[in-house]
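Undergrad: Here's a structure for you.
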């Protein structure tokens, strides 16, 4: 099964769309959780900063540096920075080198994205800060790292980074695996349809016990096929009955005429009349047989005689039988074949009959001194192709589809004897084998009739 | 005198088959349906049987199968209203020896019965055939007329061999086509006529009487001595 087929399968697409949406929702959910957690933790920091700044505002100015130092000593993780600044923003005490530029001096907590400048150096971690005015007119500034908040956010992001592929990859594999089964069933249906397309209406599509939508569809198609088969059977039944009803009287007619001929003396004036009647009856019977033969060939079940056919041997037989006929009409007959042709699957007798009909027609319609060429080659698909080319009058484009029908005979053919069913029989044989028949013209203006076969798979 | 059994349900057709075969010097019995036909075919000691494919009661295919199961090897000509696309294959697989479709010409039917009778009579393999002043060496594939060797192509030799084997009786062009080339359809008049014409030119040397005669409306005949 090709990957591209799996990719196109509706189950795969459904699961992929579902997987995509699922991933999107995961991202959104984790995003919300991260946002909310960060907000909550920031809030906690803010409340702490607010409390601490309020508390120190109330402490007596003279005790403030001592109290701040004590707080500093308790800050084991070193997340809190503080500083007391005079009205000109010069540091009086604390570990903050200067008031951060981003911090409005409004007594509210603000985010400091650039971090803070410590006495011992730049502290680049994001922080939240607050600046409050002391009653003495000085400024007290606190800043607290938000690294904990950011670390929690990072943990959540990491969880998403690893978690998402763990969700998506097994999902993708699952989608492909799940699609394989329906695809395999579609392949089975495709295989089952092949003989039906070739005309074997007895075949049905496979139906499983699952009763899913594929089975539902197969069931509908099967019902339709059964109905088509019934109708075809009825039509064929009517034709067969007519044919059978005609056979008996025709057999009687012919045999009784025969006896009449024998019971009439050669010198009887009626003998010539009887002979003409028999000739007419024979012409009638020939045509009747040919028509029945075509309708039997069109009934696709008739493949009892199918076997491997060696085309080269068949073509050599055709040459052996028809070359003398061409020679008698002073027509040059040639057979161009490569050294080898793949075998085909078919009825050897019918394949021979089809080719010999084409050759017979070509010889019949080519004027004396003309030429008939039988050429074989390999088609693009690897199947053998047989071209029968003559330099007779050719077949007019408007007649090309008609000549393969049962009763047609081109205007120029009228003077020639023959049943006029040759190409119709060829067409029926070609259909029975699922070959293709092409009627065209060659560069010289004569007819070029080609039979395109399939190489046998065995 | 060879005895033939005709199993055929249509009275008129049966009467004509019987009349034609009788006219050719055969003794013919008629059975009207499958079961009585099987009985007589089994016990009657006939030399050949013409058998309709579609019979009331027991049909032709089952009949010939049963007959072969009983060990009766009488040659059977199956006459079928079903044309021969694959009915022929079925008929021959079931044990029939030859196959003819309805409507048929009585000449063709009688010619085929005669071939069956002859084939049955000469089961032994011959190495030499001889008719009039014509000699065929089947092993060396050499033909001589009045002692002079004829230059024949393999196909022409096969054609001549068939005519010599059936000498004294008419063979139709479909019979020739089947026997010489092995294909079962009517190739039209011209093809066989051309091949016979070539053979004639090779075997009828100047001053010699013509060996192969055209029988109008039916086929060809190589006269027996």
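Chains as they are written, first to last, in the numbering used here: chain A, 318 to 775; chain B, 27 to 251. Just so you know, even glycine gets a beta-carbon here, dropped at the ideal spot from N, CA and C. Computed from a predicted structure; not experimentally measured.
1. Going along chain A in order, which residues have a C-beta closer than 7 Å to the C-beta of residue 250/B?
2. Within the same chain, show all residues whose beta-carbon is closer than 7 Å to that of residue 243/B, passing over the 5 residues directly before and after it, in chain order.
3. Going by DSSP in three states, residue 752/A sits in which element: helix, strand or coil?
4. Quick check: is the beta carbon of residue 209/B nearer than 8 Å to any beta carbon in chain A?
5. Quick one: what does DSSP say residue 443/A is sitting in, helix, strand or coil?
6. For the alpha helix (DSSP H) holding residue 115/B, just list the boundary residues, first then last.
7. DSSP on residue 765/A, reduced to helix/strand/coil?
8. Against chain A, with Cβ distances strictly below 8 Å, would residue 243/B count as a contact?
9. Less than 8 Å between the beta carbons of residue 216/B and residue 642/A, yes or no?
10. Just checking my contact of residue 645/A with residue 220/B at CB under 8 Å: how many whole Å lie between their CB atoms?
11. Cβ of residue 88/B less than 8 Å from any chain A Cβ?
12. Using only the alpha-carbon positions, how far apart do residue 36/B and residue 81/B sit?
13. Roughly how many whole angstroms lie between the Cα atoms of residue 283/A and residue 391/A?
14. Can a CB atom of chain A be found closer than 8 Å to the CB of residue 228/B?
15. Taking Cβ positions, are residue 639/A and residue 680/A nearer each other than 8 Å?
16. Classify residue 372/A as buried or exposed, calling it buried when 16 or more other Cβ atoms lie within 10 Å of its own Cβ.
17. Count the CB pairs spanning the segment 73-91 of chain B and the segment 112-131 of chain B that are closer than 8 Å, and state whether there are at least three.
18. What does a CB cutoff of less than 8 Å around residue 528/A pick up in its chain, not counting 5 residues either side in sequence?
19. Would a check of beta-carbon distances place residue 625/A closer than 8 Å to chain B?
20. Can you tell me which of the three DSSP states residue 374/A falls into?
21. Quick one: what's got a C-beta closer than 6 Å to residue 195/B's C-beta in the same chain, skipping five residues either side?
22. Kindly list the residues whose CB is nearer than 8 Å to the CB of residue 622/A, restricted to its own chain and excluding five residues on each side of it in sequence; keep chain order.
23. List the endpoints of the continuous alpha helix (DSSP H) containing residue 639/A.
24. When Cβ atoms are compared, which residues of the segment 745-759 of chain A fall closer than 9 Å to chain B?
25. Quick check on this structure: which residue in 136/B, 235/B, 177/B, 213/B has the alpha carbon closest to the alpha carbon of residue 224/B?
26. Given that residue 602/A touches chain B, what residues does it touch there, using C-beta distances under 7 Å?
27. For residue 670/A, decide whether its Cβ has a neighbour in chain B, counting only Cβ atoms nearer than 8 Å.
28. Using a Cβ-Cβ distance cut-off of 8 Å, determine whether residue 641/A contacts chain B.
29. Taking CB distances under 8 Å as the criterion, tell me whether residue 732/A reaches chain B.
30. Count the other CB atoms, across all protein chains shown, that sit within 10 Å of the CB of residue 459/A; report buried if there are 16 or more and exposed otherwise.
31. Buried or exposed, going by whether 16 or more other CB atoms sit within 10 Å of the CB of residue 728/A?
32. So what's residue 731/A in DSSP terms, helix, strand or just coil?
33. Taking the beta carbon of residue 768/A as the centre, do at least 16 other beta carbons fall within 10 Å, making it buried, or is it exposed?
34. Along the segment 54-75 of chain B, what residues have a CB closer than 8 Å to any CB found in chain A?
35. With DSSP as the reference, identify every bridge partner of residue 160/B, one or two as the case may be.
36. Taking 8 Å as the threshold (beta carbon to beta carbon), is residue 686/A in contact with chain B?
TA: Let's see:
1. Chain A residues near residue 250/B: none, gap ~21 Å exceeds 7 Å.
2. none
3. coil
4. yes
5. In the structure shown, the three-state DSSP call for residue 443/A is coil.
6. 113-120
7. strand
8. yes
9. Yes, these two residues count as a Cβ contact at 8 Å.
10. With a Cβ gap of about 5 Å, residue 645/A and residue 220/B count as contacting.
11. no
12. Distance between the alpha carbons of residue 36/B and residue 81/B is about 9 Å.
13. An answer regarding residue 283/A cannot be provided, because it is not within the stretch 318 to 775 covered by chain A.
14. no
15. yes
16. Residue burial annotation: residue 372/A is exposed, with fewer than 16 other C-beta atoms found within 10 angstroms of its C-beta.
17. Counting Cβ pairs under 8 Å, three or more are found: they touch.
18. none
19. no
20. helix
21. Correct list, in chain order: 140.
22. 664, 665, 666, 667
23. It spans 628-645 - the alpha helix (DSSP H) in which residue 639/A sits, taken as one unbroken run.
24. 749
25. 177/B
26. 129
27. yes
28. With respect to chain B, the C-beta atom of residue 641/A has a partner C-beta closer than 8 Å.
29. Unreliable placement is indicated for residue 732/A, whose pLDDT of 39 sits below 50; no coordinate value is reported for it.
30. buried
31. Confidence at residue 728/A is low in this model, with a pLDDT of 45, below 50, so the placement of that residue should be treated as unreliable; the coordinate-derived value is given next. Classification of residue 728/A: exposed, given that the 10 Å Cβ count is below 16.
32. Annotation note: pLDDT 41 at residue 731/A (below 50); position unreliable, no value reported.
33. buried
34. none
35. Beta bridge pairing from DSSP links residue 160/B with 157/B, 171/B.
36. no
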